[in-house]
Amino acid sequence: MEGLLEGGKTGKRQWIYPLIRKGPFYKWRSWISYFYLIFLFAGPFIRINGQPLLLLNFIDRQFVILGQVFWPQDIFLFVLATLVAIICIVLFTIAFGRVFCGWICPQTIFMEMVFRKVEDWIEGDAKKRKKLDAGPWTREKIVRKTSKTFVFIIISFLIANIFLAYIIGSESLIKIITEPIAQHIVGFASIWAFTIVFYTVYSRIREQVCTLFCPYGRLQGVMTDEHTLVVAYDEIRGEPRGKIDRKHDAPGLKGDCVDCGLCVDVCPTGIDIRKGTQLECINCTACIDVCDEVMDKIHKPRKLIGYFSENMIHTKEKPSFTVRMMAYSSVIVILLSVLSYFIFTRSDLDVTVMRSAGMLYQEQKGGYISNIYNAEFINKTDQRKSFILKADDPSIKIQYIQAPGVMEKQGSVKAVFFVLIPASKIHTAKTDVHLQLVVDNKVVKTVTTEFVGPIN
Ligand code: SF4
Ligand code: SF4
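Read in order, the letters of the sequence shown are residues 35 to 490 in my numbering.
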């Protein structure tokens, strides 16, 4: 086997020099990655109803997903969406293994479809890269290594900018870029901090993100089973492996694997898929492409390595959309439907009311008892809104200590107020009060809050 790993027996990290082979799967992955990269880089600038496609502003606790704004008050929706996403990933993994890692994960896309291609372009293929690394620091090596570092830093810088745009929004990013650095020290430092992180990940840490650090990768063992479709080697067909020796090989003595080692040479995580399904396999399909190439050359059927479940190899179970997969898919559809229902039926105008902590009731003129409340009014629309807060019972009055004014578009406003109830209407220590938020003469939300009073 022509191994392109090094340092294996020394206890040091094996630096991997994967060969690139442009088979059908690689071409598909390339097309998906082009689409994905365009989408990823354009994402912060795409607007839906004036809102970004995706904004995860943890600093100001503002989140926008597909143009829908989520405020801290919508946290339950955010938690629900996160839960749904986790369940979807788990169910998808049970059915289809680590396919997400090979086809969609940004780590793989950037590593294999961006940085690896740049490296291949500047330093040459795997053999040349290995030779270059092992050789002395000649002028050529200095030029190639410097060029690669320079291009890697530029790409890392671009990714850092986009990454930040998803957190602070494209407008804020443009300000950091176009205005004097002194006005945006933190933003500027963040861009360079992310640049260093991305550069380190893609130039040094590389596949170890998938094999050592990624928790999703570590969980594969408990999520997959003998029905899960993964990239696998058909050992029944391939073994016993061995080089072709047409003169001495008796028909049927050897399996179809010619032990060329190419499936190991192309593997970006440096594993030998013939040893069985391993946690390190990111299902990138590189070994399928290269083995198909070998099978074509020796006139054997393709897919000695392919998408198989353990049962497909050992019990010849047919690949099909099984009842189990249908059940998982149904659960995913139901969860997504429930989530969509909550998202699209939530109100664009909202209010939260809380009785001031530690305060009891006050006796007011005219036979009223009062409690103090804090409220926050939220306007998720693109228009300024004036509003009224009133009780559903006309005998209950509201008196502002701090009046809220109007709700600015995409804004929130706070208020502090008394709720006054005629003492004659209070019969228990705690009374429920129903407050209505009225906008454009329409009750858009009713909240129930607790009123503390004397027992008559
Ligand atoms: S590429 Fe195919 S034939 Fe070559 S060693 Fe791997 S499994 Fe065997
Ligand atoms: S074993 Fe094959 S599919 Fe898995 S990571 Fe290696 S090359 Fe990719």
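Note that CB positions come from ideal geometry on N, CA and C, so glycine has one too.
Asked                                                                                                            : Found
Burial state of R81, where buried means 16 or more other Cβ atoms lie within 10 Å                                : exposed
S404 - DSSP class collapsed to helix/strand/coil                                                                 : strand
First through last residue of the alpha helix (DSSP H) which encompasses D323                                    : A320 to K331
Beta bridge counterpart(s) of Y341 as assigned by DSSP                                                           : V265
Distance cut-off 7 Å: V265 Cβ against heavy atoms of ligand 2                                                    : yes
Own chain, CB closer than 8 Å to K476, minus 5 neighbours either side, in chain order                            : none
Contact test: R275 Cβ vs ligand 1 heavy atom, cutoff 7 Å                                                         : yes
Pick from E260, I99 and V235 that is closest to C248, judged by C-alpha positions                                : V235
Chain D contact for V264 (CB, 8 Å cutoff)                                                                        : Note that chain D does not occur in the displayed structure, where there is just one protein chain.
For L413, the nearest candidate out of V478, S67, A129 and Y362 (CA to CA)                                       : Position check: residue 413 holds Asn in this sequence, whereas Leu was assumed. The shortest Cα separation from N413 among V478, S67, A129 and Y362 belongs to V478.
Beta-carbon spacing of D416, K443 below 8 Å                                                                      : yes
For T480, the three-state DSSP class (helix, strand or coil)                                                     : strand
Per-residue DSSP class, three states only, for G142                                                              : What sits at residue 142 in the sequence shown is Thr, not Gly. The answer is helix: DSSP assigns T142 an H, G or I state.
Exposure label - Y200; buried when at least 16 CB within 10 Å                                                    : buried
Environment of E260 [buried if 16+ CB atoms lie within 10 Å]                                                     : exposed
Complete runs of the alpha helix (DSSP H) confined to the segment 76-110 [at least 4 residues]                   : none
Nearest-angstrom Cβ-Cβ length linking I128 and T262, presumed shorter than 8 Å                                   : 6 Å
Among E241, I187 and F104, nearest to S446 - alpha-carbon criterion                                              : F104
Rounded separation between G101 and I196 - CA only                                                               : 18 Å
Check: I93 C-beta below 7 Å from any heavy atom of ligand 4                                                      : By its list of ligands, the structure shown excludes ligand 4, since it contains just ligand 1 and ligand 2.
Secondary structure of N475, DSSP reduced to three states                                                        : coil
For P214, three-class secondary structure by DSSP                                                                : coil
Sequence-distant residues of the same chain with beta carbon closer than 6 Å to S190, five excluded per side     : T229, F232 and Y233
Alpha-carbon to alpha-carbon, S204 and L89                                                                       : 9 Å
Distance cut-off 7 Å: R308 Cβ against heavy atoms of ligand 1                                                    : yes
Collapsed DSSP secondary structure at L74 in the structure displayed                                             : helix
V300: CB within 7 Å of a non-hydrogen atom of ligand 2                                                           : yes
Closer than 7 Å: A320 CB and nearest ligand 2 heavy atom                                                         : yes
Nonlocal neighbours in the same chain, by C-beta distance under 7 Å from Q85, ignoring five residues either side : V98, G101 and V103
Nearest-angstrom Cα separation, counted from R150 out to G42                                                     : Caution applies to G42, whose pLDDT of 49 falls short of 50 and renders its modelled position unreliable; the model cannot decide the point.
Local conformation of F421 per DSSP, three classes                                                               : coil
Contained alpha helix (DSSP H) runs [length at least 4] in the segment 227-271, N- to C-terminal order           : 249-252 and 254-257
Per DSSP, cross-strand counterpart(s) of I432                                                                    : V453
Cβ neighbour criterion (16 or more within 10 Å) applied to Y402                                                  : buried
Cβ contact (3+ pairs, closer than 8 Å) linking the segment 116-136 and the segment 359-369                       : yes
W49 (DSSP reduced to helix, strand or coil)                                                                      : strand
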